[in-house]
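The structure appears below as C-alpha cells.
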Amino acid sequence: MFTKHPVRLLSLILLACASVAAQVTETQSPTKTEQQEARERLEQKALALLEEVVTDAQSLKQAMNRLRIQVIAADLIWSHDEARARALFEKSIKDYSELVNNLDASDPNYYMLIQAPAQLYQEIVQPLVRRDPQMALDFVRHARPPQPPQQSDSRYVDTSYELQMETQIASQIVQKDPKLALQIGMESLDKGFSSNLANIVWQLQEKDRDGASRLASAIIKKLLAENLLFNNEAANVAMNMLSTANRSESHGSRLANAQPLIDDQSYKDLMELVLNAALNSSTKSNPSDWRERNISQTLLNGLKGMMLQVEKYAPSRASALQRKIADFQQTVDPGTKFWQDNQELFDKGSVDDILGLASKTTPQMRDAVYQQAAWKAIGQGDSERARQIINDNISNPAERHRMLDEIERQAVAKAANDGKLDQAIQALTRLRTNEERATALTQMANAIANKGDKTQALRLLEEARNLMSNRAENYNQLQVQLQVARGFATLDHAQSFEILEAVVTQSNELLSAAEVLNGFDQQYYKDGELAWQTTTLSNVVGQITNDLGQFGVTNFDRAKDIAARFQRPEVRIMAQLSIARAVLSDQAQRNFPLGGRRVMTISGGLGAEF
106 MFTKHPVRLL SLILLACASV AAQVTETQSP TKTEQQEARE RLEQKALALL EEVVTDAQSL
166 KQAMNRLRIQ VIAADLIWSH DEARARALFE KSIKDYSELV NNLDASDPNY YMLIQAPAQL
226 YQEIVQPLVR RDPQMALDFV RHARPPQPPQ QSDSRYVDTS YELQMETQIA SQIVQKDPKL
286 ALQIGMESLD KGFSSNLANI VWQLQEKDRD GASRLASAII KKLLAENLLF NNEAANVAMN
346 MLSTANRSES HGSRLANAQP LIDDQSYKDL MELVLNAALN SSTKSNPSDW RERNISQTLL
406 NGLKGMMLQV EKYAPSRASA LQRKIADFQQ TVDPGTKFWQ DNQELFDKGS VDDILGLASK
466 TTPQMRDAVY QQAAWKAIGQ GDSERARQII NDNISNPAER HRMLDEIERQ AVAKAANDGK
526 LDQAIQALTR LRTNEERATA LTQMANAIAN KGDKTQALRL LEEARNLMSN RAENYNQLQV
586 QLQVARGFAT LDHAQSFEIL EAVVTQSNEL LSAAEVLNGF DQQYYKDGEL AWQTTTLSNV
646 VGQITNDLGQ FGVTNFDRAK DIAARFQRPE VRIMAQLSIA RAVLSDQAQR NFPLGGRRVM
706 TISGGLGAEF
C-alpha cells in the first residue's frame, strides 16, 4: 500500500537516523592481481553471453533488430578479437545497403519507414570512427541513408549529406589521426562547404599548426569566390572562420613563435566578403523564402558579436552595419525579440528587476515573466517568495497550480543539493502525488549519498520504494519505480534487483496486451517483433533493459537471470546485450570497482554491499 502520511513517517525515519550511526565493517581490500582476475572473469562471462546474443539474433525477423545487435556486438568484441569484429562490421555494412535498397519510395508511409534506417546509419558510423576511421570513411562514401523528398530551389546551393558526414568524421579523429583529418578536410573542398570545416581547423592547430594554416587558407580562397547570400553552409563557414581566427590569435599568442593561423590580409579579405553579403542581405521577413532569412540572420547576428573586429578592419562600414542589424531586429517575431532584448535582465537582474519588467510588458508575455521571477527567487533559495509571486500574479488556476507544483519540485531538489534537509522535507509536504514524492526522495537520497551519508540515503530510498510499492498504473509510475531502483544501485543492489524483477514481470504483461492491441491502438509490433523507439511502451522497455545492463556490472548472474524472464525473444536478447555491453564497454572498464567491499549494517537488520 502507498503510505498515507509519507512525510510524518519520513520525519520519524530521519529522527531515527540522527540517533543511529552506521556500523561500517571494512573487509580486506583485494590486491591488484585479484582485481584484475575478477575483471577478467567478468569479461569472459560477458563475452560468452555476447556470443549467445549474436547467434540468437540471427533468428530475429526484423533486419533492423539484427543489424543493430551486430553493430553493437562488433564494437564490443573489437578489443578482444579484431578480426571477428571486422567481419561483423563488414556484414552489417552489406546488410544495411540491402535494407536501404529494399525500401519502397512509393510507400505512403515512406517518411516514417526511413526514420529507423537513418538513425541506424549513425549507429554504424560512430563505432567505426572510433575503431577504424578509414573504414568509416569508406562506409559514408559508398552507403547513404534514405532521404525524405525535398523541394529544391535552384538559386541556393545544397550541401551533400556525404560531405557533412565526411567532415564530421574528420572533426572526430583530429586528435587521433591529424594527417587523415587534414586530408579529408582538403578533399572536401572539392565537394563544397561543410559547417564542420572551422572546427577541423581549430582542433588541427594543436597537432599540426602548419596543416591547420594551409587548410584555413584553402577554405578562405574558396569562400572568396562564393556568393554567401545563396549558400547557407558557406555563410556559416565564413562566420566560423572569422571566429576561429579571433580565438586562435589569443590562443597562438601563448605559443612560442606561433605564426597567425590566418594572416592579416586573408582575414581582412574574408571580413570584406562577409560585410558585403551582410549589407546586401534582405531584412524582410519572407515566410516563403526561409533560406534567405536564415542566411541574413547568420551573417548579421554573427557580425553583431564582432563589432570590435569590424571597427578595426573596416571602420568606414561599422555604422552601416549597425543600422542594418537594427533594421533586421525590427522584423524579428515580437515574442522572440522580447526574450532576446531582456535575456541579460533575466540572467543578471534581481527578482525585483524582473517583476518591474512584468508590469511593463504585454498581457500575453506577463505570466512568462512572472514565472522567470519565481525561478530567480528559487535559485536564490527563497521558495516562499516564489510561491507568493505565483499566487499573487497568475490568474489562470490550472497554470497557477502547474507553476506551484514545479516550484515545489525545484525547491526540494535545490534544498537537497545544498544539504538543507529540513527545507527539503518541508517542500516535500507540498508535493501532491506519490510519484512526485518518490522522485523527490530519490533525488534527496542521491544528494545525501554523494555527501557520504549512505545510512540516511538508504532510509530515504526505502521510503520512496514504500510509496511506489503498488503495481504501477501508468508509464509515469513505472518510470519512477525504475528511478528508485537506480537510486539503490550503489547502496543496496539487492533492492534494485527486487524492484527490477517486479517491473520485468509487469512489462511482460504490457507487451502481451500490446500484441492484442497492435494496429488498433498503435503499431507496437512489426513483423511480429517489438518496434523499438516508436512508442512509449518500447521506450520504457528499452529503459528497463538499459538499467538491467548497468545493474549487471554489480551482479552479472542475477541480471542475466532477470533478463531470461522476458518472454519475448527480441526483448530478452536486447536485455542480454545490454548486460554484456555494460561490462565490456570502455567506460565500464574504467569504472570497474577497484576498492575493497564494505558492508553497511543499519539498525533494524538491513545490510547493503557497496
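Just so you know, we're using my numbering here: the sequence shown kicks off at 106 and counts up by one.
No residue lacks a Cβ here, since even glycine has one placed at the ideal position from N, Cα and C.
Treat the numbers as computed from the prediction; the structure is a model and nothing was measured.
Annotation: Ser574 to Glu603 spans about 11 angstroms, alpha carbon to alpha carbon.
With contact defined as three or more Cβ pairs closer than 8 angstroms, the region 448-459 and the region 397-409 are not in contact.
Rounded to whole angstroms, the separation of the alpha carbons of Ser683 and Thr534 is 38 angstroms. Here Glu331 carries a coil assignment [DSSP, helix/strand/coil].
By the Cβ-count criterion, His598 is buried, with 16 or more other Cβ atoms from all chains shown falling within 10 Å of its own Cβ. DSSP places Glu578 outside both helix and strand once states are collapsed to three, so it counts as coil.
Here Lys556 carries a coil assignment [DSSP, helix/strand/coil]. Note on geometry: alpha-carbon atoms of Asp438 and Asp212 lie some 38 angstroms from one another.
For the set Asp527, Ala275 and Leu218, the Cα lying nearest the Cα of Val245 is the one of Ala275. Assigned with DSSP and collapsed to three states, Lys631 falls in strand. For Ser197, the uninterrupted alpha helix (DSSP H) run begins and ends at Glu187 to Asn206, by DSSP.
Judged by their CB atoms, Ala479 and Ala491 are nearer to each other than the 8 angstroms cut-off. Collapsing the DSSP output to three states places Pro250 in coil. Following the DSSP letters along the chain, one finds Pro232 inside the alpha helix (DSSP H) bounded by residues Gln220 to Arg236. In the structure shown, the three-state DSSP call for Trp307 is helix. Rounded to the nearest whole angstrom, the C-alpha separation of Leu596 and Arg663 is 16 angstroms. The C-beta distance from Leu546 to Leu565 rounds to 5 angstroms, short enough to fall under 8 angstroms. By the neighbour-count criterion, in which 16 or more other beta carbons inside 10 Å mark a residue as buried, Ser318 falls on the buried side. A direct Cα-Cα distance of roughly 58 angstroms separates Val205 from Asp497. Annotation: the continuous alpha helix (DSSP H) that includes Gln435 extends over Ala423 to Gln435. As for any alpha helix (DSSP H) of minimum length 4 sitting wholly inside the region 560-616, the runs are 580-593, ordered along the chain. The three-state secondary structure of Ala636, taken from DSSP, is coil.
Using a Cβ distance threshold of 8 angstroms, Met344 and Ile324 do not count as a contacting pair.
The beta carbon of Met270 lies closer than 6 angstroms to those of Val245 in the same chain, with the five residues before and after it left out.
Inter-residue distance for Gln561 and Arg144 is about 31 angstroms (C-alpha atoms, whole angstroms).
Annotation: Met411 is outside any alpha helix (DSSP H) and is labelled neither H nor E by DSSP. According to the DSSP assignment, Phe661 belongs to the alpha helix (DSSP H) that extends over Phe661 to Ala668. When C-beta atoms of the region 604-614 are compared with those of the region 625-637, fewer than three pairs fall below 8 angstroms, so the two segments do not count as touching. Residue state for Ala419 is assigned as coil, using DSSP reduced to three classes.
Taking each of Ser612, Lys631, Ala687 and Thr467 in turn and checking the Cα distance to Gly657, the smallest one comes out for Ala687. Here the C-alpha atom of Arg673 lies approximately 25 angstroms from the C-alpha atom of Met217. By the Cβ-count criterion, Gln273 is buried, with 16 or more other Cβ atoms from all chains shown falling within 10 Å of its own Cβ. DSSP places Pro365 outside any alpha helix (DSSP H), giving it a letter other than H or E. The C-beta distance from Val676 to Thr650 rounds to 7 angstroms, short enough to fall under 8 angstroms. Annotated three-state conformation of Asp487 is coil, per DSSP. The straight-line gap separating the alpha-carbon atoms of Asp523 and Met549 is approximately 10 angstroms.
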